[in-house]
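Asks:
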Amino acid sequence: MGDFNVKLAKDKNEIKKFTKNLLKDIQALEIMLKDNWFEKGVVKIGAEQEFCLVDKNYKPFPVNLQILEKAQMENLSPELAKFNLELNAMPQLLEKSALHAMSEEIKDDLKKVRQVSKKFEADIILTGILPTVRKFDIERENITPIDRYYALMDALREMRGEEFLINIYGIDELNIKLNSGMIEAANTGFQVHLQVDPEDFAQKYNIAQAIAGPVLASAVNSPILFGKRLWHETRIALFQQAIDTRVSDEHIRDRHPRVTFGTDWVKKDVTDIFKEDILRYRVLLGADIEEDSLEKIAEGQTPKLKALTVHNSTVYRWNRPVYGISDNGKPHLRIEARMFPAGPTVEDEMANAALWLGLMEGYSQKYKDITHHISFDQAKANFYAAARGGLTKQFTWFDNKKYYAKDLILNELLPVARAGLSSRNIAEADINTFLGIIEQRVKKEKTGAGWMLQTFHDLKGKASKEEILSTITMHTIKNQQKSLPVHKWKIPQLKELPHWFPSQLLVEEVMKTDVLSVQPDDIVEFVADMMDWAKLRYVPVEDDNGHFAGLVTARSLLKILRKQKLDNSLKELKVSDVMLKNPQTIAPDQKLFEAIKIMDEGKLGSLPVVQNNKLVGMLTETEFFHLSRRVLERF
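Numbering (the numbering used here), first residue to last: 8 to 642.
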């Protein structure tokens, strides 16, 4: 669990004081490494399970603090958004039945949380990105009210000094402007920890970097955000852009994002990474430091290195080094694999962990220095290729050999992972179970991302986008409760759509976003042809700055026609002459029922959807006709 006792570094004196402690922590770490303070010969694993809370309509449900209070579980903690929670699994020695034990523990804990959630009419779901999350859900008011989270959002805003832009391209495009980095909360993951000896850190960390791409390719589970089909593991792009503190500049200069794969191999030890993070990334958060780490060292006591730990928690490497203190009081080092999404099931997550852990062990025995066999740039390229396309991608592997993801995993990686787990005396039955899940998933080319995209494709045109996303969410929850690995999931049929409560929908879930518009100075002939060609009855008007300016309707055009005696006089008219200048509008986060009421009482055929004076969508009779048809089909 993260340290919640942090704060925003408000002035230069606070930053200076924190930086001094940060430098002392590095010196203390170097002393402990040199003088062999660290726990050795102990190989433990751990995991952090993040998940989302949803309501009866499968939408984000901001009740995490209520559930947390009711559950009274020491290993359960809040996350950034009010609809997220995190479970921490008990560390296990990597031997015998460790994988099975961790899997059962996580499932048991999730069952307890689900039982408590039911009392609040909520449910839980493991998913990299909740398909039904809406822009409305990731506004500032949904931040879990903890100082750490407010401090993080405020620090990001101060550093960026501008609105947050998210641009991700896949099958669809997402190009959106936000007012905070709160969109980070759309991500939920399954982080795996591996304790390593200090002298082995460089070797094993580099292995973690090298294998990240193909391991991620088999685990992708986050292809959809705001109804847009993007990367197979959209979390990778989204997290980087959400926590990015860089601003645009006219000069060509390398600036590195805080969410990063890294810049090079580790050459010496863990201090390579910690020092680079101090050099490259400004202090984002501060903390009240109660101990002097060098004084603790002089007293023969293990320091907490709080300044280093806090700073490290604000640099989001996909393989992150972690400093910790064991129960025996000795310090230890861990590598945290952060690239895995939550879900599709606990079984799938533990299979991902088994593959990663097996490769970490297997390759550490096979290669003294893996960097002699693959370049850093190749490993990095593999990682981002996997995030974009999962199992559909080709990778450059050791000694410059090219493999398609499926062949690489089945023929090269699984045998090494099996040998690595066997060398740790992991139970043969557990190796067969978890690596067998990977094998079947890859053979069938059926990742969580693949299942979601296929479901979306099969239901597109037969149901609304909102229904499709709810269907994906509902069936994900059902299959998770059955502990059914994703390679066994069936594609839902139209008759299996969830129970639906359209009165609870928001305008943004139904509105049309692919909207044609005109400008005030356009000629009327142009808008008339547009309405004819595209079979439109309503066309919104936007000015040069993209502000909503009015609405042209078929009725307003007919009025003009009645007044004009000569056809060629129309050619002199502009859109501004015929548009409704102050039409009724509605905001995207208002209830659909409110829109129906406004249109009914005003006898309106359309409602422009406007936010901050910008057009974001349109509601017309057509959307309500389709909605009514789908409601009637349910009965």
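Ideal placement from N, C-alpha and C gives every residue a C-beta, glycine not left out.
Determine, using beta carbons only, whether Met518 and Met606 come nearer to each other than 8 Å.
Replies: Working through the sequence shown from its first residue, we reach residue 518 at position 511. Working through the sequence shown from its first residue, we reach residue 606 at position 599. No.
Asks: Please return the same chain residues whose Cβ sits closer than 7 Å to the Cβ of Lys409, not counting the five positions on each side in sequence.
Replies: Start at 1 with the first residue of the sequence shown, and residue 409 comes out as number 402. Gln401 and Thr403, listed in sequence order.
Asks: So does Leu75 have its beta carbon nearer than 7 Å to some heavy atom of the ligand ATP?
Replies: With respect to small molecules bound, the structure shown includes none, and the ligand ATP cannot be examined in it.
Asks: Under 8 Å by Cβ, that's how I've got Leu163 and Ile250 pegged, so tell me the actual separation to the nearest angstrom.
Replies: The count along the sequence shown starts at 1 and reaches residue 163 at position 156. The count along the sequence shown starts at 1 and reaches residue 250 at position 243. Yes, Leu163 and Ile250 are in contact; Cβ-Cβ is about 7 Å, under 8 Å.
Asks: Tell me, which residues are paired with Glu55 by DSSP?
Replies: Locating residue 55 in the sequence shown gives position 48, counting from the first residue. Asn95 and Gln198, per the DSSP bridge assignment.
Asks: Identify whether His685 lies in helix, strand or coil by the three-state DSSP scheme.
Replies: Nothing can be reported for residue 685: it is not among the residues displayed for the chain, which extend from 8 to 642.
Asks: For Gln122, which of helix, strand or coil comes out of DSSP?
Replies: The residue you call residue 122 lines up with position 115 of the sequence shown. Helix at Gln122.
Asks: Please confirm if Pro310 has its CB atom under 8 Å from at least one CB of chain C.
Replies: Included in the structure is just one protein chain, with no chain C present.
Asks: Can you give me the C-alpha to C-alpha distance between Asp271 and Phe246, rounded to a whole angstrom?
Replies: The residue labelled residue 271 in the question sits at position 264 within the sequence shown. The residue labelled residue 246 in the question sits at position 239 within the sequence shown. The alpha-carbon atoms of Asp271 and Phe246 are separated by roughly 21 Å.
Asks: Given Val140, which residues of its chain have a CB within under 7 Å of its CB, disregarding the five upstream and five downstream residues?
Replies: Indexing the sequence shown from 1 puts residue 140 at position 133. Correct list, in chain order: Pro67 and Ala193.
Asks: Using a threshold of 8 Å, state whether the C-beta atoms of Asp32 and Ser300 are closer than that.
Replies: As a first step, residue 32 is located in the sequence shown; it is residue number 25 there, counting from the start. As a first step, residue 300 is located in the sequence shown; it is residue number 293 there, counting from the start. Yes.
Asks: At the level of alpha carbons, what is the spacing between Leu172 and Asn182?
Replies: Taking the first residue of the sequence shown as 1, we reach residue 172 at position 165. Taking the first residue of the sequence shown as 1, we reach residue 182 at position 175. Leu172 and Asn182: Cα-Cα distance of roughly 7 Å.
Asks: Could you tell me how far apart the beta carbons of Leu223 and Pro230 are, in whole angstroms, since I believe they sit closer than 8 Å?
Replies: For this step, residue 223 is matched to residue 216 along the sequence shown. For this step, residue 230 is matched to residue 223 along the sequence shown. No, Leu223 and Pro230 are not in contact; Cβ-Cβ is about 13 Å, not under 8 Å.
Asks: Pick helix, strand or coil for Pro499, following the three-state DSSP scheme.
Replies: Counted from its first residue, the sequence shown places residue 499 at position 492. Here Pro499 sits in coil by DSSP.
Asks: Please classify Gln79: is it buried, with 16 or more other beta-carbons within 10 angstroms of its beta-carbon, or exposed?
Replies: As a working mapping, residue 79 is identified with position 72 in the sequence shown. So Gln79 ends up on the exposed side.
Asks: Shortest alpha-carbon distance to Phe405 belongs to which of Met459, Glu112 and Asp384?
Replies: Taking the first residue of the sequence shown as 1, we reach residue 405 at position 398. Here the closest residue by C-alpha is Asp384.
Asks: Can you find the residues in the same chain that come closer than 6 Å, C-beta to C-beta, to Ile304, ignoring five residues on each side of it along the sequence?
Replies: By 1-based counting over the sequence shown, the position of residue 304 is 297. Counting only Cβ-Cβ distances below 6 Å, and skipping sequence neighbours, we find Ala35 and Ile38.
Asks: List the DSSP bridge partners of Thr627.
Replies: The sequence position of residue 627 within the sequence shown is 620, counting from 1. DSSP, once it has assigned bridges, lists Ser613 as partnering Thr627.
Asks: Identify every residue that forms a DSSP beta bridge with Thr399.
Replies: By one-based count along the sequence shown, residue 399 stands at place 392. DSSP, once it has assigned bridges, lists no residue as partnering Thr399.
Asks: Let me know the secondary structure DSSP gives Gln591 once reduced to three states.
Replies: Stepping through the sequence shown from its first residue, residue 591 is reached at position 584. Three-state DSSP puts Gln591 in coil, outside helix and strand.
Asks: Spatial neighbours of Leu460 within its chain, please: CB distance less than 7 Å, with the 5 preceding and 5 following residues excluded, ordered by chain position.
Replies: Start at 1 with the first residue of the sequence shown, and residue 460 comes out as number 453. Correct list, in chain order: Pro230 and Arg236.
Asks: From this set, Leu364, Pro85, Pro547 and Asn439, which residue's C-alpha is nearest Asp529's C-alpha?
Replies: Counting from one through the sequence shown, the residue named residue 529 turns up at place 522. Residue Pro547 is the option with its Cα nearest to Asp529.
Asks: When you compare only the Cα positions, how much space is there between Met346 and Ile243?
Replies: Numbered from its first residue, the sequence shown carries residue 346 at position 339. Numbered from its first residue, the sequence shown carries residue 243 at position 236. Using only the alpha carbons, I get a separation of about 7 Å.
Asks: Looking at the unbroken alpha helix (DSSP H) that takes in Ile150, where does it start and where does it end?
Replies: Counting from 1 along the sequence shown, the entry for residue 150 is found at position 143. Run containing Ile150: none; DSSP gives neither H nor E here.
Asks: Any idea if Tyr176 is buried or exposed, counting beta-carbon neighbours within 10 angstroms, 16 or more meaning buried?
Replies: Looking up residue 176 in the sequence shown gives position 169. So Tyr176 ends up on the exposed side.
Asks: Take Glu112 and list the residues in its own chain whose beta-carbon comes closer than 6 Å to its own, dropping the five residues that flank it on each side.
Replies: Against the sequence shown, residue 112 aligns to sequence position 105. Ala96, listed in sequence order.
Asks: DSSP beta-bridge partners for Phe127?
Replies: Residue numbering aside, residue 127 sits at position 120 when the sequence shown is read from its first letter. According to the DSSP secondary-structure assignment, Phe127 is paired through a beta bridge with no residue.
Asks: Taking the straight line between their C-alpha atoms, what separation do you get for Phe268 and Asn326?
Replies: Position 261 of the sequence shown, counted from the start, is the residue given in the question as residue 268. Position 319 of the sequence shown, counted from the start, is the residue given in the question as residue 326. If I take the Cα positions, the gap works out to 7 Å.
Asks: Taking only the alpha-carbon atoms, compute the straight-line gap between Leu75 and Asp414 and give it to the nearest angstrom.
Replies: The residue given as residue 75 occupies position 68 in the sequence shown. The residue given as residue 414 occupies position 407 in the sequence shown. If I take the Cα positions, the gap works out to 44 Å.
Asks: Consult DSSP for Pro85 and reduce its assignment to one of helix, strand or coil.
Replies: As a first step, residue 85 is located in the sequence shown; it is residue number 78 there, counting from the start. Reduced to three states, the DSSP call for Pro85 is strand.
Asks: Candidates Val203, Asp437, Glu191 and Lys19: which alpha carbon is nearest Gly331's?
Replies: In the sequence shown, the residue the question calls residue 331 occupies position 324. Comparing Cα positions, the closest option is Val203.
Asks: Do you know how far the Cα of Pro505 is from the Cα of Arg155?
Replies: The sequence position of residue 155 within the sequence shown is 148, counting from 1. The sequence position of residue 505 within the sequence shown is 498, counting from 1. Rounded to whole angstroms, Arg155 to Pro505 spans 37 Å at the Cα level.
Asks: Inspect the CB distances between the region 198-213 and the region 272-281 and report whether three or more fall short of 8 Å.
Replies: yes
Asks: What is the DSSP secondary structure of Asp256, reduced to helix, strand or coil?
Replies: Indexing the sequence shown from 1 puts residue 256 at position 249. Unreliable placement is indicated for Asp256, whose pLDDT of 47 sits below 50; the coordinate value is still reported in the next sentence. Asp256: coil per DSSP, three-state reduction.
Asks: Just to confirm, are Leu201 and Leu364 a CB contact at a threshold of 8 Å?
Replies: For this step, residue 201 is matched to residue 194 along the sequence shown. For this step, residue 364 is matched to residue 357 along the sequence shown. Yes.
Asks: I'd like the list of long-range same chain contacts for Ser524, defined as Cβ closer than 6 Å, with 5 residues on each side in sequence excluded.
Replies: The residue labelled residue 524 in the question sits at position 517 within the sequence shown. Closer than 6 Å at the Cβ level, and outside the excluded window around Ser524, lie Pro547 and Glu549.
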